[in-house]
Structures are given as structure tokens and as C-alpha cells.
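K.L.:
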Amino acid sequence: MNHTMHLIRAALVALAIPAAHAAHAMNATDTAHLRYVSASGSLLLEEGRAAGTLPGSMRVHFEVGATFSGSFTIHTGAGSITGHGAAVPHGSGVYESFSGSLTVTGGSGRYAHARGSARLYGTFNRATYALLVQTVGTLHY
Amino acid sequence: MTRTRPALRRLLPQAAVLCACLAATTSARAATSATLSAKFTPEQLGQRSTLDFGFSFSTPTEGVPSPLIQIELRYPDKLGIALSGLGLATCTAQTLEAAGPPGCPRNAVMGHGQALTGIVLGSTIITETAPITIVRAPDEGGRIELLFYAEGTTPVTTRIVFPGLLLPTSAPFGGLVSIGVPLVPTLPGAPYISVISLTATLGPVGVTYYEQVGARMLAYQPRGILLPRSCPHGGFPFAAEFRFLDNASATAHTAVPCPGNRRRSGHSFRSINPLRGVDRNEVTDLLGRDGTAWARHVKYGSR
Numbered sequence: 058m059n060h061t062m063h064l065i066r067a068a069l070v071a072l073a074i075p076a077a078h079a080a081h082a083m084n085a086t087d088t089a090h091l092r093y094v095s096a097s098g099s100l101l102l103e104e105g106r107a108a109g110t111l112p113g114s115m116r117v118h119f120e121v122g123a124t125f126s127g128s129f130t131i132h133t134g135a136g137s138i139t140g141h142g143a144a145v146p147h148g149s150g151v152y153e154s155f156s157g158s159l160t161v162t163g164g165s166g167r168y169a170h171a172r173g174s175a176r177l178y179g180t181f182n183r184a185t186y187a188l189l190v191q192t193v194g195t196l197h198y
Numbered sequence: 453m454t455r456t457r458p459a460l461r462r463l464l465p466q467a468a469v470l471c472a473c474l475a476a477t478t479s480a481r482a483a484t485s486a487t488l489s490a491k492f493t494p495e496q497l498g499q500r501s502t503l504d505f506g507f508s509f510s511t512p513t514e515g516v517p518s519p520l521i522q523i524e525l526r527y528p529d530k531l532g533i534a535l536s537g538l539g540l541a542t543c544t545a546q547t548l549e550a551a552g553p554p555g556c557p558r559n560a561v562m563g564h565g566q567a568l569t570g571i572v573l574g575s576t577i578i579t580e581t582a583p584i585t586i587v588r589a590p591d592e593g594g595r596i597e598l599l600f601y602a603e604g605t606t607p608v609t610t611r612i613v614f615p616g617l618l619l620p621t622s623a624p625f626g627g628l629v630s631i632g633v634p635l636v637p638t639l640p641g642a643p644y645i646s647v648i649s650l651t652a653t654l655g656p657v658g659v660t661y662y663e664q665v666g667a668r669m670l671a672y673q674p675r676g677i678l679l680p681r682s683c684p685h686g687g688f689p690f691a692a693e694f695r696f697l698d699n700a701s702a703t704a705h706t707a708v709p710c711p712g713n714r715r716r717s718g719h720s721f722r723s724i725n726p727l728r729g730v731d732r733n734e735v736t737d738l739l740g741r742d743g744t745a746w747a748r749h750v751k752y753g754s755r
């Protein structure tokens with residue numbers, strides 16, 4: 058019984074630790090315009106500017122296949138935010154729209170303990186590889 | 453009753469032929485084996501390429517395989533098919549069935565090929581070569597869909613359209629194309645057409661696209677499948693699974709060997725011009741809206 062109580066207490070403490078770091082929470086809506094930098098097979102590296110709640114420069118590695126998936130870093134004036142996401146493309150043609158979700162996994166500076174999730178939407182230009190991404194979600198840091 | 457006898461007499465040889473057909477087809481259904489081939493042209497890591505692929509079937513007897521009903525073709529991971537610039541437009545199955553490839557937008561064509569088909573009539577195998585056109589179709593349920601159009605003329609005049617859906621799969625493959633092959637009837641009572649072999653290309657070879665630039669329609673060659681900068685151990689793997697009407701199946705594997713003196717593992721990025729065409733001899737610079745020079749292969753001044 059004591060052992061069980063210890064486990065429950067440990068679990069509660071563990072749950073409380075992230076909450077201690079997540080002193081701030083914000084609803085963030087951002088739009089990024091990214092341009093093609095380089096490619097290897099189906100993997101793309103893109104960079105550009107993000108505007109909105111968390112303005113800064115953005116760098117994205119992602120794979121363009123049956124689904125889009127990749128990782129990102131946003132460099133803001135107060136620190137960086139990193140994460141990963143995945144999206145499903147819709148339609149066809151030069152501009153391919155997509156929708157999906159992203160998860161914030163960490164960062165640096167003010168956002169060293171950043172966590173969060175967001176929906177993401179956008180278009181991918183299959184001729185120039187330009188990427189337009191809009192994210193709507195909540196960031197805890 | 454007496455009127456029916458001549459009719460029966462006329463039917464008997466045909467029935468005998470039909471029985472022979474069925475017997476030959478049945479015997480051919482045992483242990484059909486498949487071979488798969490693939491290559492990139494050119495095969496230069498980090499460069500644009502056309503994928504040539506093909507498969508063929510053989511049977512222990514001299515018959516033809518049971519009619520093919522399903523293909524699952526797995527292709528290597530990190531293959532830039534979606535970045536190939538192919539399939540910028542789409543064409544529907546209805547349009548293909550009604551008007552063939554000429555009824556589709558030129559920018560929907562992704563490749564060409566041909567299929568060798570056959571039927572057994574009596575002791576004779578009648579073969580037919582049917583050209584194939586591969587076009588991009590509107591996405592199906594969020595998945596990229598291709599359409600294969602095959603047109604046979606002699607001895608069986610037929611047009612068939614069958615879909616291929618790009619689906620995710622497990623490593624070491626990057627995806628699979630699931631192709632449902634329809635049954636093609638031939639003569640009354642005779643077996644369906646069997647596929648003996650198929651070869652096709654997916655890429656810019658033999659494909660011309662058009663782009664409206666100002667008042668001009670410019671022709672260009674799409675970029676092609678971007679190969680990764682590194683080659684997986686053992687080469688670029690391909691695999692296929694075939695299912696036949698008689699519930700038999702066959703599998704085949706192949707790998708495109710890594711080009712010599714290249715990096716064979718790991719991963720790196722290299723900056724390339726995403727808009728560069730294949731033929732550099734006839735390049736016209738087009739100025740993009742953002743001021744970037746877009747180098748594109750322009751073959752003709754107007755359509």
C-alpha cells in the first residue's frame with residue numbers, strides 16, 4: 058500500500074514539474090513565408106520569415122511525399138522554438154494545400170522549456186518549392 | 453430440334469477451342485514467376501532523373517500468366533517524386549476514357565510505357581503491344597493518384613484506364629504505388645487478357661510541359677525525379693507484389709546499384725536550382741515575380 062502511495066506521489070510530482078516551468082501560456086497565430094534553400098531527394102530545407110505572435114526567422118527541414126513531415130526552428134529575439142509537425146496535402150496542381158498539426162518540443166532562451174501544439178495550414182508551390190505556412194495554437198514556456 | 457443440330461455442330465469446334473483455352477490458361481497458372489527491373493537515367497546522385505521500371509512474368513509452361521489484377525510497387529525512400537515538377541495538372545478517368553491522353557492537359561502527363569499482353573486461343577498465344585500513358589489524377593482521399601491509360605488495337609481493340617494510388621509504406625521503401633488492374637475481356641468465352649510484361653518511364657523523358665508567360669505559351673521539359681545526395685547500402689531498393697485472377701501471387705525485388713565513387717550512406721543537402729530543366733542547351737531565363745532568375749528549358753516559342 059505504501060509502495061502504491063509512493064508511486065502516486067512520484068507521479069504527481071512528475072506532473073507538477075512541467076507546470077512549474079510553464080509559467081506563461083500564449084495563444085499564437087503566425088504566418089511564415091519560406092523559400093527553397095536546398096534539397097536531397099524528397100527532403101527540402103527552407104528558410105524565411107515568420108510574422109505574427111512570434112515573429113522571427115524560420116528554418117524548416119521537411120519531406121515531401123505522400124504526406125509532409127518535418128522539423129522546424131523559429132529564431133525570435135528572445136530565444137528559439139523547435140518542434141516537428143506533419144500534414145496531409147490536399148488537391149493537386151502547382152499550388153498544393155495541406156493541413157496538419159505541429160508539436161513544440163523545446164527551445165532556448167526564454168523558450169528553453171517551451172511546449173505546445175498547433176494546427177498548421179498552408180500551400181506548397183510545386184514549381185518553386187515556396188512554402189506558406191500558418192500556425193494557430195498554444196505555447197507554454 | 454433438327455434446326456439446332458447444325459448450330460451445335462458449328463459450336464462444337466468453338467467449344468473445343470474454348471476448353472483448350474481454359475486448359476492452357478489453367479496450366480499456366482501454376483508458379484508464375486516475376487522479374488522486376490529499374491534504373492535511373494541519368495543516375496547521378498543529387499541530380500534530376502527519369503525512372504525506368506519494368507516487370508515481366510514467366511510460367512513453367514508456354515502459356516500466359518493468369519490475368520493480372522493488382523500490383524503493389526514499392527520505391528526507395530527519399531526519392532523526390534513529389535518534387536519532380538511532374539503532374540502539375542490533373543486529368544480524370546472519365547476524360548481519359550472518353551478522349552484518351554490528348555483530352556488531358558499536357559502538364560498532367562508523368563510518363564509513358566508499353567505493355568505486352570497475350571491471350572491463348574487453342575494452342576496459339578496471341579500477343580499485343582499496348583502503349584501506356586501515365587497521368588496525374590485528382591487526389592483520392594488525400595492520396596496522390598496516378599492513372600494508367602493503355603490502348604490496344606490488334607487483335608483486341610480496347611482502351612483501359614486503371615488507377616495507381618501512392619501510399620505510405622515501411623522502410624527501406626519510401627512509398628508504394630497500389631495499382632488495380634481491370635480485367636479486359638477478349639472474345640466471348642475466351643479468357644481475359646493477360647499481362648506478360650510492362651515497361652514504363654516516370655520522368656521528363658518524352659514529356660513536354662507548357663507554361664503561360666505573359667502572352668506566350670512556352671514549352672519546357674519538367675525537372676524530373678530528384679535523387680538523394682547519398683545512396684543507400686545495397687542500392688536503391690524496389691519491390692513489387694503481383695496478384696492474379698486465380699488468387700496466385702508473385703513477388704520480385706531489385707535494386708539500382710549505387711553509382712561508383714559516390715557517397716554510399718549518410719545524408720547531406722546540396723543547393724540546386726529547383727526550376728532547372730533537363731536539357732541545358734536551350735535554356736531561357738525567365739524573371740520571376742520576386743526578381744529571381746528562373747532558368748527553364750524552352751524548346752518552342754509557342755504551343
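Top to bottom, those sequences are chains A and B. The first sequence maps to residues 58 to 198 in the numbering used here. The second sequence maps to residues 453 to 755 in the numbering used here. Beta carbons: idealized from backbone N, C-alpha and C, even for Gly. Note that this is a predicted model, so its numbers are computed, not measured.
(1) With Glu514/B as the anchor, note down where its beta strand (DSSP E) starts and where it stops.
(2) Using the C-alpha atoms, what's the distance from Leu548/B back to Phe614/B?
(3) Pull out every residue of the segment 563–593 of chain B whose Cβ sits closer than 7 Å to any Cβ of chain A, in chain order.
(4) Run the CB neighbour count on Arg500/B, radius 10 Å, all protein chains shown included, and call it buried at 16 or more, exposed below.
(5) Using only alpha-carbon positions, find the residue among Ala700/B, Arg588/B, Asp529/B that is nearest to Pro624/B.
(6) Note down, in chain order, each residue of its chain lying with its Cβ closer than 8 Å to the Cβ of Pro709/B, except the 5 sequence neighbours on either side.
(7) Please determine, among Ile523/B, Gly626/B, Leu697/B, the residue with the shortest C-alpha to C-alpha distance to Ala704/B.
(8) Count the other C-beta atoms from every protein chain shown that fall within 10 angstroms of the C-beta of Glu580/B, then say buried if there are 16 or more, exposed otherwise.
(9) Looking at chain A, is there any beta carbon in it that lies within less than 8 Å of the beta carbon of Arg681/B?
(10) Output the distance between the C-alpha atoms of Asn182/A and Pro517/B, rounded to the nearest integer angstrom.
(11) Note down the Cα distance separating Ile521/B from Gly127/A, rounded to an integer number of angstroms.
(12) Name the residue from Gly563/B, Tyr527/B, Pro553/B, Thr513/B whose alpha carbon lies nearest to the alpha carbon of Gly655/B.
(13) Let me know if Thr133/A comes out buried or exposed under the rule of 16 or more other beta-carbons within 10 Å of its beta-carbon.
(14) Give every residue of the same chain whose Cβ lies closer than 7 Å to the Cβ of Thr487/B, excluding the five residues on either side of it in the sequence, and list them in chain order.
(15) In whole angstroms, give me the CA-to-CA distance for Ala667/B and Thr610/B.
(16) Tell me, which residues are paired with Ala567/B by DSSP?
(17) Taking Cβ positions, are Ala582/B and Glu603/B nearer each other than 8 Å?
(18) Could you check which residue in Cys556/B, Ser622/B, Pro634/B has the C-alpha nearest to that of Gln546/B?
(19) For Gly570/B and Leu540/B, I'd like the C-alpha separation in whole angstroms.
(20) For Thr542/B, verify whether its CB is less than 7 Å away from any heavy atom of the ligand ATP.
(21) Compute the distance between the beta-carbons of Arg558/B and Tyr661/B, then report whether it is under 8 Å.
(22) Using 8 Å as the cut-off, can you tell me whether the segment 616–633 of chain B makes contact with the segment 144–156 of chain A, which would need three or more C-beta pairs spanning the two stretches below that distance?
(23) Determine the chain A residues that contact Lys530/B at a beta-carbon separation under 8 Å, and present them in chain order.
(24) Just the C-alpha distance for Ala700/B and Leu573/B, rounded to the nearest angstrom, thanks.
(25) Check the Cβ of Thr542/B against every Cβ in chain A and list those closer than 8 Å, keeping chain order.
(26) How many whole angstroms separate the CB atoms of Leu101/A and Tyr93/A, which I take to be in contact at a CB cut-off of 8 Å?
(27) Do you know whose CA, among Ala534/B, Pro637/B, Thr653/B, lies nearest Thr585/B's CA?
(28) Classify Tyr198/A as helix, strand or coil using the three-state DSSP reduction.
(29) Alpha carbon to alpha carbon, what distance is there between Leu196/A and Thr139/A?
(30) Under a three-way DSSP split, which group does Gln664/B fall into?
P.N.:
If we stick to the structure as given:
(1) From DSSP, Glu514/B is part of no beta strand (DSSP E); its letter is neither H nor E.
(2) 10 Å
(3) Arg588, Pro590, Asp591
(4) buried
(5) Asp529/B
(6) Gly687
(7) Ile523/B
(8) buried
(9) yes
(10) 44 Å
(11) 36 Å
(12) Gly563/B
(13) buried
(14) Phe507, Ser508, Ala704
(15) 40 Å
(16) Ala582/B, Leu650/B
(17) yes
(18) Cys556/B
(19) 34 Å
(20) As far as ligands go, the structure on display features none, and thus does not contain the ligand ATP.
(21) yes
(22) no
(23) Ser97, Gly98, Ser99, Leu100, Glu120
(24) 22 Å
(25) Ser149, Gly150
(26) 7 Å
(27) Thr653/B
(28) coil
(29) 11 Å
(30) strand
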